[in-house]
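Structure first, then comments.
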Amino acid sequence: MDIYKVLMSILWRNATTKDKNRPVIQLGMSKNSTGKKIAVVTGSSNGMGFETSLLLAKYGFHTYATVRNPRRAKALKDISDKGELPIQVIELDVDSDKSVKDAIDRIYKESRRIDVLVNNAGYSLLGALEDLSMDQVKAQFETNLFGPIRVMKSVFPIMRKQREGGTIVNVSSMSGRLGFPFLSAYAASKFAIEGLTESLVYETQPFGIKLVLIEPGITKTNFAENGRSPDTTVDASSPYTSLSQKILKSASTLMETATPPEEVAKVILKAVTTDNPDLRYRTGNDAEQMVEARSAMSDREWQQLISQQYLA
Ligand SMILES: NC(=O)c1ccc[n+]([C@@H]2O[C@H](COP(=O)([O-])OP(=O)(O)OC[C@H]3O[C@@H](n4cnc5c(N)ncnc54)[C@H](OP(=O)(O)O)[C@@H]3O)[C@@H](O)[C@H]2O)c1
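Numbering follows our numbering, with no gaps: position 250 of the sequence shown is 251.
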């Protein structure tokens, strides 16, 4: 029997066998004693995290807008201090085991549940792989991949014990589906979060924990300014300088017509308030069109298109 037939017979057998140990999944989310569902958003100081925290709070979630550095979150603190929205700012650095544990412990102590987690914190590392140090590449994975893993591992036990489970949104990127020049480390971290999330679904589904990937295209935030790059991006001695400068130029042009972060927040709200969300949501016409176009092209055709568009 070939491997395909073996796999199909296992899948079919499992699909038709009633597993008595499997918990019953209840749809809908209940509330805590304050009468609100609880949401946690990472990287809320600005950009998509800021807009998502605001929109979830406006919708009625008691929202923990977490930030790496509370001193850089004045706008959020002001909103929280006014008390018009159910929003609370707390410190959470996704790179740190202790910071994640302290934050999630505190949230659980106060709220006794977490209904929604949005793993949004992240940054881009732009540069030729040869010019990047190993520390820079590891740091990129620390924040964009190990960060969400760290937060999810803290939140899983809480959601698993809740009768209603919960929803976890991992903010990926169209760079989690497509490779772009000089974004190899960033794309690798986002491809990884895609593979991780797509695999995790099978582990969390039996406990009513839903997983969602958001794949934004270019979005008008401080993402480019907050991105990191090796000094060699602007150093004429690097053999990659002229190519990387072309990329920087096209990137800044693309930012002008980028999607507003409020649009991404709306898609996240939709995903976490839908009983049966899709695994993937793309945001922005660029992400929509490029992922579609890629699937209709050969590798060679795609590489030619990207080279012409960004490097010619
Ligand atoms: N903008 C785009 O074009 C675009 C496209 C596709 C995907 N994305 C993804 O969307 C997400 C949000 O990006 P954005 O566009 O909103 O960028 P942004 O405006 O630069 O916001 C990024 C947020 O992540 C936070 N952050 C970075 N490292 C952190 C850490 N170790 N712990 C906790 N927070 C940390 C930043 O905090 P600080 O203020 O402390 O730096 C900031 O609040 C990222 O995952 C990004 O990869 C962005």
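Using N, Cα and C, we set each Cβ at its ideal position, and we do this for glycine too.
One question on the structure: do Gly166 and Phe208 come within less than 8 Å of each other, judged by their Cβ atoms? yes
Does Lys271 come out as helix, strand or coil in the three-state DSSP assignment? helix
Where does Leu201 sit, in a helix, a strand or coil, going by DSSP? helix
Using only the heavy atoms of ligand 1, determine whether one of them is closer than 7 Å to the beta carbon of Asp96. yes
Mind checking who Gly36 pairs with in its DSSP beta bridge? In the DSSP output, where bridge partners are listed per residue, Gly36 has none listed.
For Asp300 and Ser174, the rounded distance between their alpha carbons: Spanning the two alpha carbons is a distance of roughly 20 Å.
Where Thr53 sits in the DSSP three-state scheme: helix
Taking only heavy atoms of ligand 2 into account, decide whether any of them is closer than 7 Å to the Cβ of Val172. Ligands displayed in this structure: ligand 1; ligand 2 is not among them.
With a threshold of 7 Å (Cβ to nearest heavy atom), would Gly128 be considered close to ligand 1? Gly128 Cβ: outside cutoff for every heavy atom of ligand 1.
Lys211 - containing alpha helix (DSSP H), residue span: In the DSSP assignment, Lys211 falls outside any alpha helix (DSSP H) and lies within the beta strand (DSSP E) extending over 210–217.
Taking only three categories from DSSP, how would you classify Ile26? With a pLDDT of 27 at Ile26, under the threshold of 50, the modelled position of that residue is not reliable, and the figure given next carries that caveat. Ile26 falls in the coil class under three-state DSSP.
Minimum C-alpha distance to Ser296 - residue among Arg178, Thr64, Pro261: Arg178
Can you round the beta-carbon distance between Val152 and Asn120 to whole angstroms, since I take them to be within the 8 Å contact cut? 6 Å
Should Gly84 be listed as close to ligand 1, given that the test is whether its C-beta is under 7 Å from any heavy atom? no
Report whether the distance from the Cβ of Gly123 to the nearest heavy atom of ligand 1 is below 7 Å. Yes, the beta carbon of Gly123 sits closer than 7 Å to at least one heavy atom of ligand 1.
Relative to the C-alpha of Pro87, which candidate in Leu77, Lys271, Val156 has its C-alpha closest? The residue from Leu77, Lys271, Val156 with its alpha-carbon nearest to that of Pro87 is Leu77.
Given a cut-off of 8 Å on the beta-carbon distance, is the pair Gly148 and Asp98 in contact? no
Should Asn286 be counted as a contact of ligand 1 given a C-beta to heavy atom distance under 7 Å? Incorrect: Asn286 has no Cβ contact closer than 7 Å to ligand 1.
Measure the alpha-carbon distance for Gly48 versus Lys221 and round it to whole angstroms. 8 Å
Cβ of Pro182 versus every heavy atom of ligand 1: is any distance shorter than 7 Å? no
If you scan the region 138–192 from start to end, which runs of the alpha helix (DSSP H) of 4 or more residues do you find wholly inside it? Counting only runs of 4 or more, we get 148–162.
If you follow the alpha helix (DSSP H) that Ala66 is in, where does it begin and where does it stop? Segment 63–68 is the beta strand (DSSP E) holding Ala66; no alpha helix (DSSP H) there.
Is the beta carbon of Thr205 within less than 7 Å of some heavy atom of ligand 1? no
DSSP-derived helix/strand/coil call for Arg73: Reduced to three states, the DSSP call for Arg73 is helix.
Under 8 Å between the Cβ atoms of Phe183 and Ala129? yes
In whole angstroms, give me the CA-to-CA distance for Val314 and Tyr203. As displayed, the chain neither begins before 2 nor continues past 313, which places residue 314 out of reach and without an answer.
Compute every distance between the C-beta of Arg69 and the non-hydrogen atoms of ligand 1, then say whether any falls below 7 Å. yes
Secondary structure, beta strand (DSSP E): runs of 3+ residues fully inside the region 237–307: 281–284
Any chance the CB of Ser45 is under 7 Å from a heavy atom of ligand 1? yes
Apart from the five residues just before and just after Leu244, which ones in its own chain have a Cβ nearer than 8 Å to its Cβ? Correct list, in chain order: Ala129, Pro182, Phe183, Leu312.
Between Tyr124 and the rest of its own chain, which residues show a CB-CB distance below 8 Å, the 5 nearest in sequence each way excluded? Gln141, Thr144, Asn145, Phe224, Asn227, Gly228, Arg229.
Bridge partner(s) assigned by DSSP for Val119: Secondary-structure assignment with DSSP links Val119 through a beta bridge to Val42, Val170.
Have a look at Val68 and Ile248 and give me their C-alpha separation to the nearest angstrom. 30 Å
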